[in-house]
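J.: Okay, handing you the structure first.
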Amino acid sequence: MKIEKSSFNRYVEENVFETIEKYELISPGEKIMIGVSGGKDSILTLHMINNYRKKHDDDFEIKAVCIDEGIKGYRSRGIETAKENCRNLDIPLTVYSFKDEWNYDLDDISDIYKSTCMPCGVYRRYLLNKISSDNDCDKIATGHNMDDEIQSFLMTFARNDQNKFPKFGPKLD
Numbered sequence: 000m001k002i003e004k005s006s007f008n009r010y011v012e013e014n015v016f017e018t019i020e021k022y023e024l025i026s027p028g029e030k031i032m033i034g035v036s037g038g039k040d041s042i043l044t045l046h047m048i049n050n051y052r053k054k055h056d057d058d059f060e061i062k063a064v065c066i067d068e069g070i071k072g073y074r075s076r077g078i079e080t081a082k083e084n085c086r087n088l089d090i091p092l093t094v095y096s097f098k099d100e101w102n103y104d105l106d107d108i109s110d111i112y113k114s115t116c117m118p119c120g121v122y123r124r125y126l127l128n129k130i131s132s133d134n135d136c137d138k139i140a141t142g143h144n145m146d147d148e149i150q151s152f153l154m155t156f157a158r159n160d161q162n163k164f165p166k167f168g169p170k171l172d
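Letter 74 of the sequence shown, counting from 1, is numbered 73 in numbering that gives the first Met the number 0, and no numbers are missing.
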């Protein structure tokens with residue numbers, strides 16, 4: 000069965016809006032920071048939250064943030080995609096970098112770790128939280144999808160990290 004693009008887009012948008020309302024993810028007057036990598040998931044998040052804002056007469060503020068980890072040949076295309084989408088939607092975007100924050104980037108410290116995935120995730124999340132706090136944002140929205148959640152859950156389960164189990168779900172208190 001073939002589905003038309005407009006029908007599919009409407010279906011996705013309706014489901015996103017329903018989830019936002021069901022879990023009370025956005026309230027009037029809030030300042031929402033969206034972490035935008037330039038990938039499809041974060042760009043979709045940016046567009047959906049912007050559409051939701053339009054539907055609700057701009058009763059909350061959006062700020063977009065992109066983190067440059069400093070991996071040569073990896074992030075530049077994503078940053079350009081983030082800039083282009085934010086410009087088209089008239090959403091302010093600020094690009095922060097590991098280099099500006101700590102005077103080194105991920106490439107500079109890659110030989111210290113077996114894999115840079117773990118420190119990259121920790122550093123990126125720390126920076127998102129810091130930026131959010133520094134800009135008086137009420138919430139952070141990211142483009143994590145169900146596959147990302149399941150992977151995190153299974154890794155937490157395998158490590159028996161009981162402190163992280165309460166953190167799963169659409170909303171953290």
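Using N, Cα and C, we set each Cβ at its ideal position, and we do this for glycine too. Remember, predicted model here, so these are calculated numbers, not experimental data.
Ordered along the chain, which non-local residues of its own chain (more than five positions away) have a Cβ less than 6 Å from that of Cys136?
T.: Answer for Cys136: Lys30 and Met32, listed in chain order.
J.: Tell me which residue opens and which closes the beta strand (DSSP E) that Glu60 is part of.
T.: Looking at the DSSP string, the run of the beta strand (DSSP E) that includes Glu60 is Glu60 to Asp67.
J.: For the ligand COA, is there any heavy atom lying closer than 6 Å to the beta carbon of Leu45?
T.: In the structure shown, the ligand COA is absent, as is every other ligand, since no ligand is present at all.
J.: If you run the structure through DSSP and keep just helix, strand and coil, what is Ser96?
T.: Strand.
J.: Considering just the uninterrupted stretch of the alpha helix (DSSP H) at Met117, what are its terminal residues?
T.: Here the alpha helix (DSSP H) through Met117 covers Cys116 to Asp133.
J.: Quick check: what's the CA-CA separation for Asn134 versus Leu92?
T.: When rounded, the distance between both Cα atoms is 13 Å.
J.: Between which two residues does the alpha helix (DSSP H) carrying Lys53 extend?
T.: Looking at the DSSP string, the run of the alpha helix (DSSP H) that includes Lys53 is Lys39 to Lys54.
J.: Report the three-state DSSP secondary structure of Gly72 (helix, strand or coil).
T.: Coil at Gly72, not helix or strand.
J.: How big is the Cα-Cα spacing for Lys71 and Ile111?
T.: Their Cα atoms are separated by approximately 17 Å.
J.: Out of Ala63, Glu68 and His143, which one is the CA nearest neighbour of Ile90?
T.: Residue Ala63 is the option with its Cα nearest to Ile90.
J.: Measuring CB to CB, does Thr80 end up less than 7 Å from Gly37?
T.: The answer is yes: Cβ separation under 7 Å.
J.: Following the continuous beta strand (DSSP E) through Lys30, name the residue where it begins and the one where it ends.
T.: From DSSP, the beta strand (DSSP E) with Lys30 extends over Lys30 to Gly34.
J.: How close, in whole Å, do the beta carbons of Leu181 and Asn84 come, if the pair is a contact with beta carbons under 8 Å?
T.: There is no way to answer for residue 181, as the model of the chain reaches only from 0 to 172.
J.: Just to confirm the assignment, what range does the alpha helix (DSSP H) spanning Ile108 have?
T.: Its alpha helix (DSSP H) spans residues Leu105 to Ile108.
J.: Can you give the Cα-Cα distance for Lys129 and Arg76, rounded to whole angstroms?
T.: Using only the alpha carbons, I get a separation of about 24 Å.
J.: Give the DSSP-derived three-state secondary structure of Lys1 in the structure shown.
T.: Three-state result, Lys1: coil.
J.: Report yes if the C-beta distance between Lys59 and Ile25 is below 7 Å; otherwise report no.
T.: Just to set this straight, residue 59 is Phe in the shown sequence, not Lys. Yes; because the gap between Cβ atoms is below 7 Å, this pair is in contact.
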